[in-house]
Every structure is written in C-alpha cells, then in structure tokens.
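For the sequence shown, the residue numbers in the numbering used here are 320 to 623. Before any comments, here is the structure.
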Amino acid sequence: MNKKIVGIIGGIVVIAAGIALYTSANNKSSDSNTNTSSSSSSKVTGKVLSLGSTALQPLAEQVASSFQDKNPGVTVTVQGGGSGAGLSQVSDGSAQIGNSDVFAEEKEGVDASKLVDHKVAVVGIAPVVNSDVQISSLTKTQLRDIFTGKITNWKDVGGKDEKIVVINRATGSGTRAVFEKNILDGQNAVQATEQDSNGTVQKIVKTTPGAISYLAFAYLDSDGIKALNLSGVHPNKANVEDNSWPIWAYEHMYTKGTPTGATKAFLKYFTTKEVQKTIVPKLGYIGLTDMKVTRDSSGKVSDK
320 MNKKIVGIIG GIVVIAAGIA LYTSANNKSS DSNTNTSSSS SSKVTGKVLS LGSTALQPLA
380 EQVASSFQDK NPGVTVTVQG GGSGAGLSQV SDGSAQIGNS DVFAEEKEGV DASKLVDHKV
440 AVVGIAPVVN SDVQISSLTK TQLRDIFTGK ITNWKDVGGK DEKIVVINRA TGSGTRAVFE
500 KNILDGQNAV QATEQDSNGT VQKIVKTTPG AISYLAFAYL DSDGIKALNL SGVHPNKANV
560 EDNSWPIWAY EHMYTKGTPT GATKAFLKYF TTKEVQKTIV PKLGYIGLTD MKVTRDSSGK
620 VSDK
C-alpha cells in the first residue's frame, strides 16, 4: 500500500515538474518575443523647435519635411524671426535649435560657450533691385555708398533719373550682419525701412520702383526682382565656393549643449549625402564639402 502511494506521489511530482518546465519555457519565449518586438519598433520620437534665420528657413523647412516622412514619431517645427531671435531662444531653452547666419561669438549678449555649433550649409547673399532699375552691376564702393546714404539717385551709378529706395533688414538679422560686415566696412547704414524677413523684403522690392536691398540666394528666383553683380562678378554657387563672391555665410544650427534624442537625429540627418548633395543645392544653398575655403568668426578666409 505504501509503495502505491509513493508511486502516485512520484507521478504527481513528475507531472508538476513537466508543467513547470513548459510554463517556464513559454514565459521565456514570451519575454524574448516582447524584447525583439520592442527593439524592432524602437524609433526616434519627440518634438523639435528650430527657429531663427529666415535665410536658412526654406532649407530647414524642406529638410524637416523629409526627416518627418522618415520619422513619423517626430514633429519638427521651423520658424523664422531672425538670427538674433534664434540665438537668444536656444540660449534660454525656449527652442531646441537656434538657426543663425552668424557665429554666436558675433552676437552681443549671447554666451557662445554654452552653445554647440552645427554648420549645415553655406548661404550666398546678393544685392537685389526692383526690375525697373536699369543697371546690372555695382562696385563695392558704389554699393556701400548707397547703403550709407551717400548715393541717393540711380543716375549717379549709370541708371535712369530715379530715387533709390533702400530696404534694410532689422537690427537682429543675421543676413544684415553678413551684408554689412562684407560691404559697409564699419560705416553706419542709412536710416531706411526695415523688415524682419527675407520673404518680406522680396515682396517689397518687387512692388517698389527704385528699390534696393539684399537677399539670400534661396529668394532670388522671383519675378519683379533682379540680383546685381559686384564689380562684374555674378552671385552664384561657383563664385561663393572659392570666395570670388564675398557675401556669404555658414548656416549654423546651434544647440544648448550636446543634442540628444530627436534633436540629435534631425541634425545628423542634415549632414547626410541625401541632404547635402540633393536638397541643399536644389534650394540654392552650397554644401559644406563643396567649399574651397573656410571662414572663421573674425571673418578671416583660408584655403581648405
């Protein structure tokens, strides 16, 4: 009788052990599947606010759209406002990325030591006039004299008898800073109508007879305006690459400290061949690797 009981108990133990092993194996399999699924579906998510330079805005918007198509879990919002706004808002944490046409070191009130510079492209800037202006080229001296108020009529530079209407960018504009650094040689600009963006300047120059201003290359392809040569040198990609055209700048995307997550992924995408060799030139910018020279924050240009 005792042997039977022992046998029954032994059988129960064996069955229980088998069930335990089966359950354990299933649990391990389930855990493994869960981990694999989690790993395979791991994608970049988050929100990125990138604002500032309106010269960089068309490129940033296009790259953001392409990046979001590839990363539907990320929302990238691109806004203008000017380089000054971009640098100040990334500095105070209001934005993840501050877009600027100038080095942070050049902006008063910005602690550049707390910002990380991510150069993403080069932008050319050209003087533009209303299409009724009958000249095609100015010297640097003539251009400077117009923007400092010494020349006020187009007839004084070979055009028709027509008042020159200067349209300037606002003080915080990086585009203005680049233009004045390369053209005005430290002289003060004449008091004139000021606008906050490349887009607004483009519209006003188109509709104002005798108007002159300056625009990033991305805004030049428009009826009603024309870009001027500088001492016969045409504002184009090739001339920017070797500094024959001197009015250009790096497009900077600054972060406060080292970027992480969606911000890091977005900036990394900017440096890919797809962006640098396709989107950048298509919109009128110059890829970083195409430049034959470099320029530092003091304005010193060196061969690569």
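Here a beta-carbon is modelled for each residue, glycine too, at the ideal position from N, C-alpha and C.
Go ahead and pull the three-state DSSP assignment for residue i.
i: Val421; result: coil
i: Ile598; result: helix
i: Ile465; result: helix
i: Leu340; result: Note that Leu340 scores 40 on pLDDT, short of 50, meaning its location in the model is unreliable and no value can be drawn from it.
i: Glu380; result: helix
i: Val559; result: helix
i: Tyr533; result: strand
i: Leu539; result: coil
i: Leu547; result: coil
i: Ser413; result: coil
i: Ala508; result: coil
Would you give the residue range spanned by the alpha helix (DSSP H) that residue i belongs to?
i: Gly520; result: Reading off the sequence shown, one finds Val at residue 520, where the question assumed Gly. Unbroken alpha helix (DSSP H) run through Val520: 517-526.
i: Val363; result: Taken as a continuous stretch (DSSP letters only), Val363 belongs to no alpha helix (DSSP H), as it is neither H nor E.
i: Lys500; result: 493-502
i: Gln408; result: 402-410
i: Gly580; result: 580-589
Apart from the five residues just before and just after residue i, which ones in its own chain have a Cβ nearer than 6 Å to its Cβ?
i: Gln398; result: Leu370
i: Glu481; result: Trp473, Gly529
i: Asp464; result: Ile470
i: Gly603; result: Phe536, Ala537
Roughly how many angstroms separate the alpha carbons of residue i and residue j, rounded to a whole number?
i: Gly400; j: Ala568; result: 18 Å
i: Val620; j: Ser456; result: 24 Å
i: Lys525; j: Leu539; result: 11 Å
i: His553; j: Trp564; result: 7 Å
i: Thr582; j: Ser384; result: 14 Å
i: Phe422; j: His571; result: 7 Å
i: Asn548; j: Phe466; result: 16 Å
i: Phe386; j: Val476; result: 47 Å
i: Leu607; j: Val559; result: 11 Å
i: Asn390; j: Ile531; result: 42 Å
i: Ala374; j: Phe589; result: 16 Å
I need the boundaries of the beta strand (DSSP E) containing residue i, first residue and last residue.
i: Gly478; result: Gly478 -> no beta strand (DSSP E), and no H or E assigned at all.
i: Asp622; result: 620-622
i: Gln514; result: 512-514
Mind checking residue i: buried by the 16 CB within 10 Å criterion, or exposed?
i: Asn501; result: buried
i: Lys426; result: buried
i: Asn507; result: exposed
i: Gly417; result: buried
i: Glu593; result: exposed
i: Gly505; result: exposed
i: Thr494; result: buried
Please go through the same chain and pick out, in chain order, the residues whose beta-carbon is closer than 7 Å to the beta-carbon of residue i, but skip the five residues on each side of it.
i: Gly412; result: Lys575
i: Ser450; result: Gly543, Ile544, Lys545
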